[in-house]
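Enquirer: Before I ask anything, let me first share the structure, which is written out below as structure tokens.
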Amino acid sequence: MIDWQKLADGIFVIPGNRWGKYPSANCIYLKDFCLIDGGAENAWNLRPENILNSHWHEDHISMNAVAKKIYAHELDAKAIESYEEFERRYGLGESVKLFLSLYPNLGFRKVDELIDDSQILKFGSMEVEVIHTPGHSAGHCCFLIDGRFLFLADIDLTSFGPWYGCLDCDVQEFIDSIERLLKIAKDVEIAIPAHGMPVKREEFEKKLLEYREKIFEREKKILDAIKSGIDPVGKGIIYKKLPEPHEIYKNFERIMIEKHKERLKTTECRGES
Ligand SMILES: [Zn+2]
């Protein structure tokens, strides 16, 4: 039996295993029209006409091989279309193949329609507004469905905090994207992350603020380490305990710390503290 969670007529959350704990991910299904992302195991038997990709990571493009039409933001399209670009953005060499083997319906293929910020997509009577929210990836998008359900994709509100371990990530953009969502938080009835449980309006703003705060907490620790002449990588600042395989996660941590250093450089240039 498919485990659907109905949000409204024709609008469903398809939860991934353990509410989308990676390598799984939650999806949204606009019945008969469109699947948003493809990481939920319960979605793998669907044959959707259209798939809307929030961004290029493997747990989101994992149904692309079976759809007729793929939608994605221009800045992520290349990594959805080409394995070489996917591998390049991870900066891990061929070890990324390890991730790909987890998804039977994943295929690198052409993006048929590029989407852009503020665009309204129409699927039957349903409207999906594209909100370009870079930071986690260059072309990462959230989707506001029916003006009240917000699919957050990987602005996922987890207690781990924001993730920016690929080459096209950007810490300042991530902060700006969270702040953009804060501005519309009060209009959102339910926010659905790709990883973790849906969040109701009353909790949403607080969760976004806590999530943003993680970035500043990490940055302060990184700065303290640098001032003390310590290399911050592998000191528990990002990953308290490095998951397996250690080398891969250590590399993510290294990139995330580099991304903080890039932000620190530009804030110093602007004379901010
Ligand atoms: Zn992602």
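For the sequence shown, numbering that gives the first Met the number 0 begins at 0 and goes up steadily by one.
C-beta atoms are modelled at their ideal positions from N, C-alpha and C, and glycine is treated no differently.
#1: Using beta-carbon positions only, say whether Asn16 and Pro192 come within less than 8 Å of one another.
#2: DSSP state of Asn44, grouped into three classes?
#3: Find out if the Cβ-Cβ distance for the pair Tyr210, Pro161 is shorter than 8 Å.
#4: Which residues mark the beginning and the end of the beta strand (DSSP E) in which Ile119 is found?
#5: Along the chain, which unbroken stretches of the beta strand (DSSP E) at least 3 residues long are found entirely within the segment 53-123?
#6: Looking only at C-alpha atoms, which of Glu172, Glu126 and Pro231 sits nearest to His139?
#7: Starting from Tyr28, follow the beta strand (DSSP E) in both directions and report where the run begins and ends.
#8: Looking at the strands, I want to know which residues DSSP matches up with Lys5.
#9: With Phe32 and Phe122 assumed to form a contact (beta carbons below 8 Å), what rounded beta-carbon distance in angstroms separates them?
#10: If distances are taken between C-alpha atoms only, which option among Ile189, Ser158 and Lys226 comes closest to Ile144?
#11: Mapping DSSP to helix, strand and coil, what is Glu128?
#12: Just to confirm, is the Cβ distance from Tyr28 to Asn52 under 8 Å?
#13: Taking all protein chains shown into account, do 16 or more other C-beta atoms lie within 10 angstroms of the C-beta of Ile229, making it buried, or fewer, making it exposed?
#14: What number of angstroms, rounded off, separates the C-alpha of Leu91 from the C-alpha of Ser100?
#15: What does the Cβ neighbour count give for Tyr21, buried or exposed, with the cut at 16 atoms within 10 Å?
#16: Hey, Ile60 and Ile35: beta-carbon distance below 8 Å or not?
#17: Enumerate in chain order the residues of its own chain whose CB-to-CB distance from Ala7 is below 7 Å, with the five nearest sequence positions on each side excluded.
#18: What does DSSP give as the partner residues of Leu241 in its beta bridges?
#19: Any heavy atom of ligand 1 inside 7 Å of the beta-carbon of His135?
#20: On the DSSP bridge list, what partners appear for Asn250?
#21: With C-beta atoms as the reference, is His54 less than 8 Å away from Ala152?
#22: Run through DSSP, which three-state label would Leu51 get?
#23: Going by CA-CA distance only, name the one from Asp115, Pro231 and Lys96 that's closest to Gly106.
#24: Give every residue whose Cβ lies closer than 5 Å to any heavy atom of ligand 1, listed in chain order.
#25: So the beta strand (DSSP E) Leu149 belongs to, where does it begin and stop?
Expert: Reading from the atomic positions:
#1: no
#2: coil
#3: yes
#4: Ile119 to Phe122
#5: 68-72, 112-114 and 119-122
#6: Glu172
#7: Cys26 to Leu29
#8: Phe11
#9: 4 Å
#10: Ile189
#11: strand
#12: no
#13: exposed
#14: 16 Å
#15: buried
#16: no
#17: Asp145
#18: In the DSSP output, where bridge partners are listed per residue, Leu241 has none listed.
#19: yes
#20: None, per the DSSP bridge assignment.
#21: yes
#22: strand
#23: Lys96
#24: His56 and Asp153
#25: Phe148 to Ala152
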